[in-house]
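All remarks here apply to the structure that follows.
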Amino acid sequence: MALRIVPFRNAFLWNFAVGMGFWLISVVSAGKAPSSKYLIGVGSYDLTGPVADVNLMGYADPGQNAAGLHFRLRSRAFIVAEEAAAKSSDKGKRFVFVNLDACMASQGVTLKVLSRLKERFGGLYNEKNVAISGIHTHSGPGGYLQYILYIITSLGFVRQSFNAIVDGIEKSIIQAHENLRLGSLYTNQGELLDANINRSPSAYLNNPPEERQQFKYNVDKDMVLLKFVDAKWGAVGALNWFAVHGTSMNRSNLLVSGDNKGAASRFMEDWYGRQTAGTHLLIPESKPARLDARKFQIMPSLVSVPVHRAVEIGVGLRSAGGKPASRFASINHRVRSRIRSSSEPPFVAAFAQTNEGDVSPNILGAFCEDTGQPCDFNHSTCNGKNELCVGRGPGYPDHFASTKIIAQRQFKKAVELFESARKIISGKVDYRQKYVDFSRVTVTLPQDVAGKSSQNVTTCPAAVGFSFAAGTTDGHGAFNFEQGDDHGNLFWRLVRSALKTPTAEQAACQKPKPILIDTGEMSIPSPWAVKT
Ligand SMILES: *[C@@H]1O[C@H](CO)[C@@H](O)[C@H](O)[C@H]1NC(C)=O
Ligand SMILES: *[C@@H]1O[C@H](CO)[C@@H](O)[C@H](O)[C@H]1NC(C)=O
Ligand SMILES: *[C@@H]1O[C@H](CO)[C@@H](O)[C@H](O)[C@H]1NC(C)=O
Numbered sequence: 001m002a003l004r005i006v007p008f009r010n011a012f013l014w015n016f017a018v019g020m021g022f023w024l025i026s027v028v029s030a031g032k033a034p035s036s037k038y039l040i041g042v043g044s045y046d047l048t049g050p051v052a053d054v055n056l057m058g059y060a061d062p063g064q065n066a067a068g069l070h071f072r073l074r075s076r077a078f079i080v081a082e083e084a085a086a087k088s089s090d091k092g093k094r095f096v097f098v099n100l101d102a103c104m105a106s107q108g109v110t111l112k113v114l115s116r117l118k119e120r121f122g123g124l125y126n127e128k129n130v131a132i133s134g135i136h137t138h139s140g141p142g143g144y145l146q147y148i149l150y151i152i153t154s155l156g157f158v159r160q161s162f163n164a165i166v167d168g169i170e171k172s173i174i175q176a177h178e179n180l181r182l183g184s185l186y187t188n189q190g191e192l193l194d195a196n197i198n199r200s201p202s203a204y205l206n207n208p209p210e211e212r213q214q215f216k217y218n219v220d221k222d223m224v225l226l227k228f229v230d231a232k233w234g235a236v237g238a239l240n241w242f243a244v245h246g247t248s249m250n251r252s253n254l255l256v257s258g259d260n261k262g263a264a265s266r267f268m269e270d271w272y273g274r275q276t277a278g279t280h281l282l283i284p285e286s287k288p289a290r291l292d293a294r295k296f297q298i299m300p301s302l303v304s305v306p307v308h309r310a311v312e313i314g315v316g317l318r319s320a321g322g323k324p325a326s327r328f329a330s331i332n333h334r335v336r337s338r339i340r341s342s343s344e345p346p347f348v349a350a351f352a353q354t355n356e357g358d359v360s361p362n363i364l365g366a367f368c369e370d371t372g373q374p375c376d377f378n379h380s381t382c383n384g385k386n387e388l389c390v391g392r393g394p395g396y397p398d399h400f401a402s403t404k405i406i407a408q409r410q411f412k413k414a415v416e417l418f419e420s421a422r423k424i425i426s427g428k429v430d431y432r433q434k435y436v437d438f439s440r441v442t443v444t445l446p447q448d449v450a451g452k453s454s455q456n457v458t459t460c461p462a463a464v465g466f467s468f469a470a471g472t473t474d475g476h477g478a479f480n481f482e483q484g485d486d487h488g489n490l491f492w493r494l495v496r497s498a499l500k501t502p503t504a505e506q507a508a509c510q511k512p513k514p515i516l517i518d519t520g521e522m523s524i525p526s527p528w529a530v531k532t
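Shown next, in the form of structure tokens:
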């Protein structure tokens, strides 16, 4: 019996296809009195890689090869450990979240990073507590995944891309580890309405009405933010999740770029830099010995500290609680003494990707390039032609402007949430990691779906349908493929058979989706899709 799949036109690009493992990392709230004492550390390192003659990862267009740089790409790492987890010991739990300015993480990259971390830190960071997440830019160098489907357009594996990404991740984690210090975590959340839309609204309507009724919008508009506050230095990091594709830079782009999320990170880090670049306090480096008091007055050795930082540190200190403040207990004295004894950590702002299937930054909608009219609602075509239907960003036709606008909207919302974050996170640190073989998941169909009585069915190996090759309105596919296609066509069936004809069982299981490439059952010269 075939598993009935609700038509879901998520199409193209490599949205969810990468990886059988998934991560859920959580800071479990114990619900006790608010105290937030963790070791927190942030790190950031370049991972740009080659910027010429390498296929860009995302649009799967063999002609879209890098020919320059829009802006550099980074890996941004955040570590949270229980206070008991003193550096390099196994006491207390910890986790690492890495945000990559890349289309996605890759199993090969993750395995390599984990083996390097193992050499350096023993078992401290491992597959269970390290999560690596990509921002889904469609303008980063490709070729760093090990499965064939993802490296067809890059004409194979590109070691330069792979190495740059692995090195960047490793260095950012090392930096975050070395920055681990006592601190607190705050969280905040809010709606951002003008930065994403559903690019396949007709497919969304295939969801049952009672399910749709549970949601206010046809995409997720929530941004969720974590604020990292070092007990001594004040804010050192911001990490947020908001769903929107990295397709503000369109398919014609040849410059390596972090697209809207990469740009938003830069805007926020620059913003914080400007905040702290203003007026500085000059603080004596160390307390002068008595005899040197006069010399000190003449030629003090001073540490320059931005006022903004000093205020943040002051805000983080506990008050004297009504007792008269002695000279040493005064906030003034404590702020100064904190600033004296170490160097200022970097400020790292990461804009992470989340449930972005069919969520587009091209918020003006999709239009026909020839007539300027909206595309056919059900098939995203113009007069039957798929190539002419293209989504428009708010800066249309200038994709640099669109990238900047969508980045600024995320950046401004993140700053707002960051500055008003009051909810402190407390409790133990914990995480979950699990491998799921999606080619063998049993699903129980309720009676109203299965017919006579409820029924157990199983999923089958991965396969790419004809609609996949149509692409999406963010970047169309080649030839005459069409979105929402549930019958395919003869010519492409013939091409497909030259690769591999799906078994009858596989075809029945994938029905009503016609199979274009039977990726889950192909392993020549090596597996085409993720396998166990
Ligand atoms: C889209 O398809 C649905 C279901 O087949 C149909 O009811 C609707 O009229 C179509 N809409 C347009 C604009 O073609
Ligand atoms: C893609 O962006 C380029 C550069 O801004 C622009 O010239 C072109 O018209 C855009 N294409 C579409 C379909 O928006
Ligand atoms: C489906 O599987 C579940 C769990 O294994 C089992 O309890 C149930 O009886 C099965 N139902 C049918 C209709 O086979």
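87 is the number that full-length UniProt numbering gives to position 87 of the sequence shown; each next residue is one higher, with no gaps. Cβ coordinates follow ideal geometry from the N, Cα and C atoms, glycine included.
Exposure label - Gly273; buried when at least 16 CB within 10 Å: It counts as exposed.
Span separating the alpha-carbon of Val130 from that of Phe95: Straight-line Cα distance between these residues: approximately 6 angstroms.
Pairwise C-alpha distance: Val229 and Ala235: Distance between the alpha carbons of Ala235 and Val229: 4 angstroms.
For Asn126, the nearest candidate out of Arg159, Pro394, Phe400, Glu170 (CA to CA): Considering only alpha carbons, the answer is Glu170.
Three-pair Cβ contact test at 8 angstroms for the region 262-270 versus the region 372-385: Contact between the region 262-270 and the region 372-385 is absent, because fewer than three Cβ pairs lie under 8 angstroms.
Contiguous alpha helix (DSSP H) assignments of at least 4 residues, all confined to the region 340-404: Counting only runs of 4 or more, we get nothing.
Cβ-Cβ distance between Asn260 and Ala195 below 9 angstroms: Taking 9 angstroms as the Cβ cut-off, Asn260 and Ala195 qualify as a contacting pair.
Secondary structure, beta strand (DSSP E): runs of 3+ residues fully inside the region 430-462: Runs found: 442-445, 455-458.
Contact test: Asn378 Cβ vs ligand 1 heavy atom, cutoff 8 angstroms: At least one heavy atom of ligand 1 sits closer than 8 angstroms to the Cβ of Asn378.
Any heavy atom of ligand 3 nearer than 6 angstroms to the CB - residues listed: Here the residues come out as Thr444, Ser454, Gln455, Asn456.
Three-state class that DSSP yields for Pro50 in the structure shown: Coil at Pro50, not helix or strand.
Backbone secondary structure at Gln214 - three-state DSSP: Three-state result, Gln214: coil.
Same chain only: Cβ atoms within 7 angstroms of Trp23, ignoring 5 sequence neighbours per side: Its pLDDT being 38, under 50, Trp23 is placed unreliably in this model, and the value from its coordinates should be taken loosely. Cβ within range, chain order: Ala131, Gln433.
Distance cut-off 8 angstroms: Ser467 Cβ against heavy atoms of ligand 1: It does not: the Cβ of Ser467 is nowhere closer than 8 angstroms to a heavy atom of ligand 1.
Own chain residues within Cβ distance below 6 angstroms of Met522, not counting five before or after: Cβ within range, chain order: Lys500, Trp528.
Three-state class that DSSP yields for Pro209 in the structure shown: The answer is helix: DSSP assigns Pro209 an H, G or I state.
Euclidean distance between Cα positions of Asn198 and Leu239: When rounded, the distance between both Cα atoms is 24 angstroms.
Which residues DSSP lists as bridging Asp230, in chain order: Note: Asp230 sits in a beta bridge opposite Gly183, Gly234.
Glu211, buried or exposed, once every other Cβ within 10 Å from all chains shown has been counted against 16: With fewer than 16 other beta carbons inside 10 angstroms of its own, Glu211 counts as exposed.
Buried or exposed (CB count within 10 angstroms, at least 16 for buried), Gly123: With fewer than 16 other Cβ atoms inside 10 Å of its own Cβ, Gly123 counts as exposed.
Pro461, buried or exposed, once every other Cβ within 10 Å from all chains shown has been counted against 16: So Pro461 ends up on the buried side.
Ser202 CB to nearest heavy atom of ligand 1 below 8 angstroms: Checking every heavy atom of ligand 1 against the Cβ of Ser202, one is found closer than 8 angstroms.
Asn163: first and last residue of the uninterrupted alpha helix (DSSP H) it sits in: Residue range 159-178 is occupied by the alpha helix (DSSP H) that includes Asn163.
With 16 other Cβ atoms within 10 Å as the buried cut-off, status of Asn250: Under the 10 Å beta carbon count, Asn250 is surrounded by 16 or more other beta carbons and is classified as buried.
Three-state class that DSSP yields for Lys91 in the structure shown: Coil, per DSSP.
For Gln189: DSSP bridge partner residues: Per DSSP, Val224.
Buried versus exposed call for Gln175 [16 or more other C-beta atoms within 10 Å across all chains shown]: It is buried - the Cβ of Gln175 has at least 16 other Cβ atoms within 10 Å.
Check whether Ala414 and Leu185 have beta carbons under 9 angstroms apart: Cβ atoms of Ala414 and Leu185: not closer than 9 angstroms.
Cβ-based neighbour list, His136, same chain, cut-off 7 angstroms, excluding 5 preceding and 5 following: These residues qualify, in order along the chain: Cys103, Met104, His245, Gly246, Gln353, Glu356.
Where Lys32 falls, given that 16 or more other Cβ within 10 Å makes a residue buried: The predicted model places Lys32 with a pLDDT of 40, which falls under 50 and marks its position as unreliable; any figure quoted below should be read in that light. By the neighbour-count rule (16 or more Cβ atoms within 10 Å), Lys32 is not buried but exposed.
heavy atom of ligand 2 below 8 angstroms from Pro361 C-beta: Every heavy atom of ligand 2 is 8 angstroms or more from the Cβ of Pro361, so no.
Candidates Phe242, Ala84, Gly143: closest to Ala60 by CA position: Here the closest residue by C-alpha is Gly143.
Distance between Asp46 and Leu73 (C-alpha atoms, nearest Å): Looking at the backbone, the Cα of Leu73 and that of Asp46 are separated by about 6 angstroms.
Inter-residue spacing [alpha-carbon to alpha-carbon] between Pro446 and Gln213: Here the alpha carbons of Gln213 and Pro446 stand approximately 20 angstroms from one another.
Reduced DSSP category for Tyr125 - H, G, I as helix; E, B as strand; rest coil: Correct three-state label for Tyr125: coil.
Within 9 angstroms, strictly: CB atoms of Ser248 and His399: With a cutoff of 9 angstroms on beta-carbon distance, Ser248 and His399 are scored as near each other.
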